[in-house]
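To keep things clear, I will list the structure first and then write my remarks on it.
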Amino acid sequence: MTRPHAPLALLLATSALACVTTADTITVCAEGCDHVSVNAAIDAANDGDVIQLAAETYTEEGPIDTDGKAVTIRGVIAEDESGTPLSILDGNGTHRVLVCQSGEDARTILENLVVTNGHDPAGGNGMANLDASHPTLRNCTFTLNGGSAASALLEGGSMASFTRSGGGMSNEAGSSPRLIGCRFIGNKAWTGGGICNEDAHPALIDCIFIENAADGPGGGMYNLGDSRPTLLRCRFERNVAANGAGMNNCGGNTPRLEACVFVGNVSEFDGGGLNNCTGSAPILKNCTFRANEAGRRGGGIHNDSGGPTVLRCTFESNVPDSITYATEDARPRVMTIDPNVTGDQDGDGDY
Numbered sequence: 586m587t588r589p590h591a592p593l594a595l596l597l598a599t600s601a602l603a604c605v606t607t608a609d610t611i612t613v614c615a616e617g618c619d620h621v622s623v624n625a626a627i628d629a630a631n632d633g634d635v636i637q638l639a640a641e642t643y644t645e646e647g648p649i650d651t652d653g654k655a656v657t658i659r660g661v662i663a664e665d666e667s668g669t670p671l672s673i674l675d676g677n678g679t680h681r682v683l684v685c686q687s688g689e690d691a692r693t694i695l696e697n698l699v700v701t702n703g704h705d706p707a708g709g710n711g712m713a714n715l716d717a718s719h720p721t722l723r724n725c726t727f728t729l730n731g732g733s734a735a736s737a738l739l740e741g742g743s744m745a746s747f748t749r750s751g752g753g754m755s756n757e758a759g760s761s762p763r764l765i766g767c768r769f770i771g772n773k774a775w776t777g778g779g780i781c782n783e784d785a786h787p788a789l790i791d792c793i794f795i796e797n798a799a800d801g802p803g804g805g806m807y808n809l810g811d812s813r814p815t816l817l818r819c820r821f822e823r824n825v826a827a828n829g830a831g832m833n834n835c836g837g838n839t840p841r842l843e844a845c846v847f848v849g850n851v852s853e854f855d856g857g858g859l860n861n862c863t864g865s866a867p868i869l870k871n872c873t874f875r876a877n878e879a880g881r882r883g884g885g886i887h888n889d890s891g892g893p894t895v896l897r898c899t900f901e902s903n904v905p906d907s908i909t910y911a912t913e914d915a916r917p918r919v920m921t922i923d924p925n926v927t928g929d930q931d932g933d934g935d936y
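Just so we're aligned, residue 586 is where the sequence shown starts under the working numbering, counting upward by one.
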């Protein structure tokens, strides 16, 4: 047998080791960790690294920018069965909390975080995903973002200081984040109190939207332009808006919702649960609309100039009616409603 010359064998072994990359865990906390700043940890990280936070509140001088890196920013959770995130990212009411704007993909992961007190006049107070960024978020709570500015207008203040869109999160320009088990609670904006999607295609699984507010459309979620969000087992509860308190779709978009629940949402005008306009045509499958309220029409759903596809959905106790449509073009394309549906079904533009 011919054996490799010793120096050659050593060189080959060294080359093989050089090809193996190991992920590092970078810790961030007030004392005794690698860094005290999340942004500093990101600057020091390489693709594949984990940035581990503590059960603390982190207030940075500006937005936390993942800078296009495939890193995991991981908080800690309560030791009980709730799995409540205990690591808090706080915008201090002065800036956006998180931003992905460098083409991040699904390997950029945010998990077990509370995102709160963010403010940016352009919107995306809690988080903005821009320029075809596609991060993954798991078990994150977005709460009380955009609150100070939103409250000003809701109480009769000036729109000049009011955040534009996406109280909790805004997704723009082809961005398609994936959200699993996330919560949007008590966020506010001019449009899209919880989330605003503009030409974006997020996927949401087991997410909830509770008590978010928009002075315009979309208390829980606002979809604009060529947006194609997909939602599975999501819940919209007690959100408020001028139109589409649970969700508002405008601009010809085609959201897909399956096994979603809209309950107790209240709109000032149209679409307590869901409002569709300017050619938007969502597909709804096995969804439930219960006890939603509209001041004018469409307690469950109103269709202004967009006709949804409705498959095996349940409507119950919506006020003043279950589904309304303004024109024949806006009539729902398929109508396989649960036989237990209650509410106004007079057949004259209403169901």
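All C-beta atoms, glycine included, are put in the ideal place defined by N, C-alpha and C.
Nearest residue (CA-CA) to residue i, options the options
| i | options | result |
| --- | --- | --- |
| V656 | P648, S760, I636 and A640 | I636 |
| V699 | Q686, G753, T863 and F727 | F727 |
| T693 | D705, L764 and S902 | L764 |
| T673 | R681, D665 and G660 | The residue you asked about is not Thr; residue 673 is Ile in the sequence shown. It is G660 whose Cα lies nearest to the Cα of I673. |
| R749 | R768, A798, T642 and T701 | A798 |
| N631 | G653, A640 and D619 | G653 |
| N730 | G892, H887 and T679 | T679 |
| D811 | P840, G803, G831 and A830 | P840 |
| T978 | N860, D791, G633 and T776 | Because the chain here runs from 586 to 936, residue 978 falls outside it and cannot be looked at. |
| C767 | S907, M712 and S890 | M712 |
| E696 | C725, D665, S907 and G633 | C725 |
| G884 | L896, P905 and I868 | P905 |
Residue environment, residue i, which counts as buried when at least 16 other CB atoms sit within 10 Å
| i | result |
| --- | --- |
| G617 | exposed |
| S667 | exposed |
| P706 | exposed |
| C685 | buried |
| G753 | buried |
| G708 | buried |
| E689 | buried |
| D889 | buried |
| T701 | buried |
| T909 | buried |
Cβ pair residue i, residue j closer than 8 Å
| i | j | result |
| --- | --- | --- |
| V937 | I649 | Only positions 586 to 936 of the chain appear in this structure, which leaves residue 937 out of reach. |
| E796 | R823 | yes |
| R882 | A844 | no |
| R820 | I780 | no |
| T642 | D675 | yes |
| I949 | G849 | Because residue 949 is not part of the residues shown, which for the chain are 586 to 936, the question remains open. |
| N772 | N756 | no |
| G801 | A827 | yes |
| A866 | G892 | yes |
| S760 | A717 | yes |
| N877 | N861 | no |
Any non-hydrogen atom of the ligand MG closer than 7 Å to residue i Cβ
| i | result |
| --- | --- |
| L816 | For the structure depicted, the ligand MG is absent and the ligand set is empty, with no information on it obtainable. |
Boundaries of the beta strand (DSSP E) in which residue i is found, first to last residue
| i | result |
| --- | --- |
| I868 | I868 to K870 |
| N808 | M806 to L809 |
| I662 | Careful: I662 lies outside any beta strand (DSSP E) and carries neither H nor E. |
| R820 | R820 to E822 |
| T815 | T815 to L817 |
What runs of the alpha helix (DSSP H), each 4 residues or longer, lie entirely inside the segment 667-699? none
Ignoring anything shorter than 4 residues, give me the alpha helix (DSSP H) runs that lie fully in the segment 710-795, in order along the chain. 732-739
Entirely enclosed alpha helix (DSSP H) segments - the segment 599-643, minimum 4 residues: 623-629
Please give the ranges of any beta strand (DSSP E) in the segment 833-921, keeping only runs that are unbroken, at least 3 residues long and fully inside the region. 841-843, 846-848, 859-862, 868-870, 873-875, 886-888, 894-901 and 908-910
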